[in-house]
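The sequence shown begins at 1445 in the numbering used here and counts up by one.
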Amino acid sequence: MFRKTSGVILCPSCGRLTNADASVCLVCGRRNPGMWGFAGPLRALVRSWSFTNVVTIACVALYVASLVFDPAGALRPRGPFDIFSPSPRALDILGMTGTFAWDQGRWWTLLTAIYLHGSLLHILFNVLWIRQLGPAVEELYGPARLVSIFTASGVAGFAVSNLVGVPLTVGASGSIFGLLGAMVAFGRRRGGTFGALVLRQYGQWALLLFILGFFVSGVNNWAHAGGFAGGFVAGLVLSLAERRAETTVDQLLASGSVALTLLAFGLALWSGLVAA
């Protein structure tokens, strides 16, 4: 029942009825609309849930988990901006990245650290921006491409910060800057009045947030820069929704990003609990 290689399916691109075993969609001409029998499950994986909502739930759930892992450490007084801050031990178990993890070969922390946060203020700020930018990127690029942009830019941001020697770091801000970078790339590619408006608005937001990072302690500006660059490049490489419907490759990239992230958390928990 998982695969469907015969009969009628909905084309992943145009959403119209076509044959599951057809080489091209009978309506829009998309190649391999049946996706080797996996069109239905892959379509459901990417489109049945809003990725913005999934990221929000994941970030909140992991933040709560990081408090539960070490409640005494979370309640230890530090400062007014560190209310309910997970302890380094709890964050390390869940997949905090940085040169410490990098030197131990824990590559998976490039993915897991995206969904971890260091304080209540940290997660509130990032979730608000994710919910602001996610739907905009999804509308202009497509839901599957949003998944790829968010994941790739987060990895790029932490890769840069690890390479320059940031010892410990968590947060979705690299991915957030990646979403801004993708919007700036859209504005440059789209052109015209609408493109110029998008370029100006999101470019200004990116600049203001980047400058703000230099006036707030503990902000990983290297991850911001790397994330923006990663999102900008992804925005140039991936097709725009108005020019080309999402393809099998787009949906496979998104599914691969989700699968790799889940694997990363499995490795993080296994290595963290064993070490503990």
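Where a beta carbon is used, it is the ideal one built from N, C-alpha and C, also for glycine. A quick note: this is a predicted structure, and the numbers were derived from the prediction, not measured.
By the criterion of a C-beta distance shorter than 8 Å, Gly-1662 is surrounded in its chain by Gly-1562, once the five residues flanking it on both sides are discounted. Take the alpha-carbon of Glu-1583 and the one of Asp-1694: they are about 15 Å apart. Shown here, Val-1660 sits in coil according to DSSP, grouped into three states, outside any helix or strand.
Ala-1600 and Leu-1470 have their C-alpha atoms spaced approximately 39 Å apart.
The three-state reading of DSSP puts Leu-1535 in helix, counting H, G and I together. Straight-line spacing of the CA atoms in Ala-1703 and Leu-1623 works out to 21 Å. Burial is judged here by how many other beta carbons sit within 10 angstroms of a residue's own beta carbon; Pro-1611 has fewer than 16 and is exposed.
Here the alpha carbons of Asp-1514 and Glu-1690 stand approximately 43 Å from one another. Just so you know, the alpha carbons of Val-1504 and Ile-1567 end up roughly 8 Å apart. Between Thr-1556 and Ser-1701, the beta carbon gap of about 13 Å keeps them out of contact (Cβ cut-off 8 Å). With a cut-off of 8 Å on Cβ pairs, the region 1528 to 1546 is not in contact with the region 1586 to 1595, counting fewer than three such pairs.
Ranked by Cα distance from Gly-1586, the options Ala-1464, Leu-1697 and Ser-1715 are led by Leu-1697. With a threshold of 16 other beta carbon atoms within 10 Å, Val-1604 meets it and is buried. The residues Ser-1510, Phe-1513, Asp-1514 and Gly-1517, in chain order, have a CB closer than 7 Å to that of Ala-1534 in the same chain once the five nearest residues on each side in sequence are set aside.
Between the alpha carbons of Cys-1472 and Ser-1715 lies a distance of about 47 Å. Here Tyr-1559 is actually not in contact with Ala-1626; their C-beta atoms are around 19 Å apart, not less than 8 Å.
Straight across, the Cα-Cα distance linking Ala-1673 with Val-1468 is about 35 Å.
Going by C-alpha positions, Cys-1455 is about 16 Å away from Ala-1685. Looking at the backbone, the Cα of Gly-1710 and that of Leu-1680 are separated by about 32 Å. Listed in chain order, the non-local C-beta contacts of Gly-1451 below 6 Å within the same chain comprise Ala-1464, local neighbours out to five positions each way being set aside. For the options Arg-1688, Tyr-1507 and Val-1571, the alpha carbon positioned closest to that of Ser-1619 is the one of Val-1571. Along the length of the region 1637 to 1702, whole alpha helix (DSSP H) runs at least 4 residues long occupy 1665 to 1681, reported in chain order. In the displayed model, Arg-1550 falls within coil according to three-state DSSP, outside both helix and strand.
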